[in-house]
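Reading through the structure tokens given below for one structure.
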Amino acid sequence: MVATETKVTEATPTSKAASKKLRDRNQILLARLGWRFTTPSLLVVGLVTIFPISFSVILSLSNVTLSGNGFSLGGFTFNNFSILIHSSEWRYALAFTIFYTIVSVLVEVILGTMIALLMERLSGGRGPMMALLLLPWSIITVISAELWQYIFQGSYGVMQQIFSAVGLGKPVFLGSPTPAIISMMIADIWKTTPFVAVIVLAGLVMLPGDVFEAAAVDGCSGWVMFWKITFPLLRPTIAIAVLFRILQAFGIFDLPFVLTGGGPGTSTTSLAILGYKAMFQNLQFGPGSAVAVSATGLVLIGCLSFLKVFKSQVNSGE
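With positions in the sequence shown counted from 1, the corresponding number in our numbering is that position plus 13.
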């Protein structure tokens with residue numbers, strides 16, 4: 014009996030090593046299988062994303078010469094970025110894009126959070142309300158811009174009719190710089206606020222209910238609960254929504270292209286619109302690529318800075 018127990022005890026380390034070796038082998042096989050399945054999609058992502066970005070960087074750092082057969086790359090240069098730095102159009106487009114991103118994202122986060130808090134309290138009918146809420150977000154931006162262009166149209170637009178009916182005259186919405194900027198922000202906020210609301214609502218549903226029950230027992234008001242419990246717990250979710258919206262808003266192209274065409278003048282010209290005009294209207298491939306590369310670099314720096322600040326705040330809160 015004792016000898017049998019000794020054999021079992023002596024065999025145990027060997028069996029553990031064998032099982033660990035088998036698990037490691039299975040993990041390697043699963044990893045290889047995963048790479049085989051994801052390789053086609055990674056190749057497509059590289060083809061449609063990494064290659065255009067890399068080629069844009071090459072164009073921005075080259076002397077691009079146009080000819081009847083296309084264009085050729087002359088050599089390495091920083092002249093394209095020098096043109097941007099000394100260009101008043103690029104500086105205005107940069108300032109406008111940053112201002113537009115900050116204001117629109119801030120308003121969308123505030124409104125989206127309020128809508129999410131309201132929907133989270135609904136005991137019934139949340140499904141139809143979600144479908145109704147996502148309706149603006151589901152509309153293609155080009156179609157949405159066409160609808161808002163009809164609303165803000167100067168002679169027969171819906172807003173003109175409403176303002177005339179209440180005796181406020183006929184204001185110009187898309188023909189003046191400041192009203193055009195505000196009109197574009199309204200159209201963007203109307204479309205993308207549901208996106209923020211859905212993300213925040215998903216975060217609200219996942220919050221632990223016992224924390225709020227304990228706070229209610231302690232006599233905390235709703236306002237105190239929001240700022241002391243709800244908002245701190247929602248910060249990761251809100252950060253995700255803000256990050257996605259910064260990426261989208263900073264690269265805004267289709268909405269101003271259809272709604273205002275970048276005008277009046279250059280008042281609603283974003284960096285994306287400026288790069289499009291430089292490359293495809295003026296055929297300035299070097300400066301146009303430099304605009305695209307500068308926008309990409311600024312977005313990357315902004316997102317990394319945002320994530321670093323957010324991570325430090327979360328760690329300090331813990």
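By construction, the Cβ of each residue, glycine as well, lies at the ideal position given by its N, Cα and C atoms. Here the structure is a predicted model, which means the values were calculated and not measured.
For S283, there is no enclosing beta strand (DSSP E), as DSSP marks it with neither H nor E. Annotation: M292 to L311 spans about 20 Å, alpha carbon to alpha carbon. Per the Cβ contact rule, the region 195-203 is in contact with the region 109-118 (3 or more Cβ pairs under 8 Å).
Beyond the five residues adjoining it in sequence on each side, E133 comes within less than 8 Å, by CB distance, of L214, L217 and V218 in the same chain, given in chain order. Counting the other Cβ atoms within 10 Å of the Cβ of T250 gives 16 or more, which makes it buried.
Counted as a single uninterrupted DSSP element, the stretch harbouring T78 is not any alpha helix (DSSP H) but the beta strand (DSSP E) occupying residues S75 to S80. Nearest to A254 by alpha-carbon distance, out of P149, D267, P207 and D231, is P207. Beta-bridge analysis with DSSP links L86 to V77.
T281 is not a Cβ neighbour of G288, given a cutoff of 8 Å. Runs of the alpha helix (DSSP H) spanning 4 or more residues and lying entirely within the region 265-319 occur at 267-272 and 284-289, in chain order. Distance check between L296 and each of I41, I66 and S80 places S80 closest, using alpha-carbon atoms only.
In this structure, DSSP gives Y169 a state outside helix and strand, which the three-state scheme calls coil. Per the C-alpha coordinates, the member of V179, T154 and I195 positioned closest to F186 is I195.
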